[in-house]
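Worksheet for the structure shown next.
Protein chains: 2
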Amino acid sequence: MTYELYYWPGIQGRGEFVRLALEDAGAPYVDVARRPKGDARMLKLMQNARDRDRPFAPPFLRSGALLIAQTANILHYLGPRLRLAPKSESARLVLHQHQLTIADWLTEVHDTHHPIGSGLYYEEQKREARRRAADYRENRLPKFLAYFESTLERDPRPSTYVHLSLFQMVEGHRYAFPRTFRRLERRIPKLLRLHERVARRPRLAAYLASERRIAFNRQGIFRHYAELDSPG
Amino acid sequence: MTYELYYWPGIQGRGEFVRLALEDAGAPYVDVARRPKGDARMLKLMQNARDRDRPFAPPFLRSGALLIAQTANILHYLGPRLRLAPKSESARLVLHQHQLTIADWLTEVHDTHHPIGSGLYYEEQKREARRRAADYRENRLPKFLAYFESTLERDPRPSTYVHLSLFQMVEGHRYAFPRTFRRLERRIPKLLRLHERVARRPRLAAYLASERRIAFNRQGIFRHYAELDSPG
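See the structure below:
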């Protein structure tokens, strides 16, 4: 069966966490909104007033008759099907718990450049963004990194969609907050080893080198603005 | 079996969404952190470095050998057990999707008074809070309300934990943003009818009238500051 992924074209964003799982598993999927007229199809599904369960926002996934929204929910569904999650309910709950904490973390990343309103331009909230980003760098980022570092085994072998998502969090921070992240790297040896190992997984390496991997840019969730990174 | 709920004492916060489900179902539970020395027990579980799956933050729930964190994850687990969710996987996914959108919504409510840093006092981010709250009232709140209104049946009968959570969102907004919410009420007749019906469910009505229901206050997620509500 071919999955259909719906997400804003042109950015990695939240859709990337689903893409990484599909790509790593070698699962057949169509990235609908990147196809001709695909973005119109995506909007139509979101605006379908007759569907009480329609998504509030992308990403969402079509799997047969199911239309599933919310990144962590999609991964919770895909996990066992892509062999990126154990099958027992209790182990799946724990994995999902970690993915939901990553979702919270990602929202805080987004809000470093959009602390006032997601419908406003960065330039309209630059001053507030500086303050929020400073708090993020000093308090929140170290806290999230320490937490996830502590969740990993000594010799972390990638095996779940949470590991793929942690790879993406490392990638994103290296792009968006290079100076801050470099200073924190010595505290997170297990996360960095995990990151390396994920990047070397054959299907994922092929994906990352392909045109299907959208480059980080200033429309996405991870954005590089020198003034939001730590000084010097 | 008696569940153990762990959440900050003194506020409704995210824990309240779990409490409403437990109370409505008449499930036996202990609100651990509100008992003597309970908050120390809660912190100990969060700081237990040997537990790789320990929670990042409250609320979390002990159910037998399981310790489950993340509000929506807890409700996903409890749903079928408390008869507040259907049993089929696909119906549970849809319900969970809605709960995750409520979680996103609640984070935006929190950020109206804490747009810069959750570790700072409101008074330290008052100016930014005014701007963020204005954007929330004008853009985000109407969008979330319209979305959830459209998810409801014409004659909504409470039957799931999502319905209980929507009750709480209405309660919270009436407390925190009374002027704004009153102006929006005519757009959400189904949500208001649902709210009324939830409030009349016998076990829930008893809970709401009891001392177990903590009053809204200025330490919680829903806070009333006149300057963050719409003017006049």
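Line by line, the protein sequences are chains F and G.
For the first sequence, the numbering used here begins at 1 and goes up steadily by one.
For the second sequence, the numbering used here begins at 233 and goes up steadily by one.
From the three backbone atoms N, C-alpha and C, an ideal C-beta is built for every residue, glycine too.
Bridge partners - residue i, DSSP secondary structure assignment
i: Y29/F; result: Y3/F
i: A301/G; result: F292/G
Boundaries (first-last residue) of the alpha helix (DSSP H) holding residue i
i: F292/G; result: Segment 292-295 is the beta strand (DSSP E) holding F292/G; no alpha helix (DSSP H) there.
i: L314/G; result: No alpha helix (DSSP H) holds L314/G; DSSP gives it neither H nor E.
i: L440/G; result: 434-440
Helix, strand or coil at residue i [DSSP, three-state]
i: I306/G; result: helix
i: A408/G; result: helix
i: L152/F; result: coil
i: Y136/F; result: helix
i: E352/G; result: One point to set straight first is that residue 352/G is Leu, not Glu, in the sequence displayed. Here L352/G sits in coil by DSSP.
i: T160/F; result: coil
i: D111/F; result: helix
i: E211/F; result: coil
i: Q279/G; result: helix
i: R284/G; result: coil
i: I102/F; result: helix
i: S90/F; result: helix
i: D39/F; result: helix
i: Q244/G; result: coil
i: Y147/F; result: helix
i: Q451/G; result: coil
i: D256/G; result: helix
i: H328/G; result: helix
i: P463/G; result: coil
i: H224/F; result: coil
Closer than 9 angstroms at the beta carbon, the chain F residues around residue i
i: N371/G; result: G117, S118, G119
i: T333/G; result: P55, F56, A57, A69, Q70
i: R418/G; result: None at all; the shortest Cβ gap to chain F is about 19 angstroms.
i: R267/G; result: Correct list: empty, because the minimum Cβ distance to chain F is about 24 angstroms.
Interface residues of chain G facing residue i [CB-CB closer than 7 angstroms]
i: Q47/F; result: Under the 7 angstroms cutoff, chain G gives no residues; its nearest Cβ is about 10 angstroms from Q47/F.
i: V18/F; result: Simply none; closest approach about 14 angstroms.
i: T107/F; result: T339
Neighbouring residues, chain F, relative to residue i (Cβ below 7 angstroms)
i: I322/G; result: According to the sequence shown, residue 322/G is Ser rather than Ile. Within chain F, the residues near S322/G are L66.
i: H328/G; result: N73
i: Y309/G; result: L93
Residue i beta carbon near the ligand GDP (any heavy atom closer than 6 angstroms)
i: A361/G; result: This structure does not include the ligand GDP; it has no bound ligands of any sort.
Within chain F, the residues that residue i reaches when beta carbons sit closer than 8 angstroms
i: R284/G; result: S150, T151, L152, E153
i: D367/G; result: I116, G117, G119, L120
Listed by chain order, chain G residues near residue i by CB distance under 9 angstroms
i: E4/F; result: The premise fails here: E4/F is roughly 16 angstroms from chain G at the closest Cβ pair, so nothing lies under 9 angstroms.
Min CB distance residue i to chain A below 7 angstroms
i: R131/F; result: Among the chains of the structure shown, chain A does not appear; the protein chains present are F and G.
- prompt: Quick one, which residues of the region 142-168 of chain F are near chain G if we go by CB-CB under 7 angstroms, in chain order?
  reply: Y147, S150, T151
field: Members of the region 210-232 of chain F near chain G, C-beta cut-off 8 angstroms
entry: none
Members of the region 421-435 of chain G that neighbour chain F once the beta carbon cut-off is set at 9 angstroms: none
Interface residues of the region 403-414 of chain G facing chain F [CB-CB below 7 angstroms]: none
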